[in-house]
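Colleague: Per full-length UniProt numbering, residue 1 is the first one in the sequence shown, and the count goes up by one each step.
Here it is, the structure, as structure tokens.
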Amino acid sequence: MYDTVSLADQALDDQKTLADLRMLADQTATLSPTGSPPQPEAPPREEPPPADFICPITTEVMSDPVMATDGHSYERKQIERWLATKSTSPMTGEALEHSILTPNHALRGRIREWQEAHH
Numbered sequence: 001m002y003d004t005v006s007l008a009d010q011a012l013d014d015q016k017t018l019a020d021l022r023m024l025a026d027q028t029a030t031l032s033p034t035g036s037p038p039q040p041e042a043p044p045r046e047e048p049p050p051a052d053f054i055c056p057i058t059t060e061v062m063s064d065p066v067m068a069t070d071g072h073s074y075e076r077k078q079i080e081r082w083l084a085t086k087s088t089s090p091m092t093g094e095a096l097e098h099s100i101l102t103p104n105h106a107l108r109g110r111i112r113e114w115q116e117a118h119h
């Protein structure tokens with residue numbers, strides 16, 4: 001025959017065991033699959049722009065790229081400033097045939113698309 005005191009004691013032990021299991025489950029839920037505490041998520045890495053989007057003079061993304069006769073694209077204001085005192089290519093150092101700059105519409109479009117996707 002069961003003693004009512006021992007049944008009450010057993011019920012209390014069962015409740016304590018259940019509470020301990022719940023606490024353990026809560027602790028384990030916060031662990032990573034390796035069993036260590038979760039690390040804060042690193043902020044998403046910003047994707048660097050493609051190299052051809054960068055002005056060789058400023059080393060910044062161009063907003064108004066133009067092509068010089070050396071075949072390289074530059075930020076318009078920067079290459080105009082360069083050509084105001086020099087007649088050589090900033091990239092090669094060789095003499096430029098002329099100082100006419102051609103807008104690089106295709107590159108400007110690609111830069112804008114990249115900026116919209118990444119900012």
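Cβ coordinates follow ideal geometry from the N, Cα and C atoms, glycine included.
With DSSP as the reference, please indicate the residues paired to S89 in a beta bridge.
Modeller: Looking at the DSSP assignment, S89 forms no beta bridge with any residue, so it has no partner.
Colleague: Would you check if the distance between the CB atom of L107 and the CB atom of S73 is smaller than 7 Å?
Modeller: Cβ distance < 7 Å, so L107 and S73 count as in contact.
Colleague: What's the gap between the Cα of residue 120 and the Cα of W82?
Modeller: With the chain running from 1 to 119 in the structure shown, residue 120 is simply not present.
Colleague: Do H118 and E47 come within 7 Å of each other at the CB atom, strictly closer than that value?
Modeller: Contact flag set, yes.
Colleague: Only counting the same chain, and skipping five residues up and downstream in sequence, which positions put a Cβ closer than 7 Å to that of Q78?
Modeller: Around Q78: C55, I57 and T58.
Colleague: According to DSSP, which residues form a beta bridge with M62?
Modeller: Answer is none; M62 lacks a bridge partner.
Colleague: Leaving out the 5 sequence neighbours to the left and right, which residues in its chain are closer than 7 Å to V66 when beta-carbon positions are compared?
Modeller: The residues are S73, Y74, R76, I79, L101, T102, P103 and N104.
Colleague: By a C-beta neighbour count over all protein chains shown, 10 Å radius and 16 as the cutoff for buried, is A68 buried or exposed?
Modeller: Classification of A68: buried, given that the 10 Å Cβ count is 16 or more.
Colleague: Would you list the residues sitting across from P50 in a DSSP beta bridge?
Modeller: P50 pairs with nothing; no bridge assigned.
Colleague: Between the C-alpha atoms of L96 and T88, what's the straight-line distance to the nearest angstrom?
Modeller: Their Cα atoms are separated by approximately 5 Å.
Colleague: Closer than 8 Å by C-beta to W114: which residues in its own chain qualify, once you throw out the five before and the five after it? Chain order, please.
Modeller: Only P49, P50 and F53 meet the Cβ criterion.
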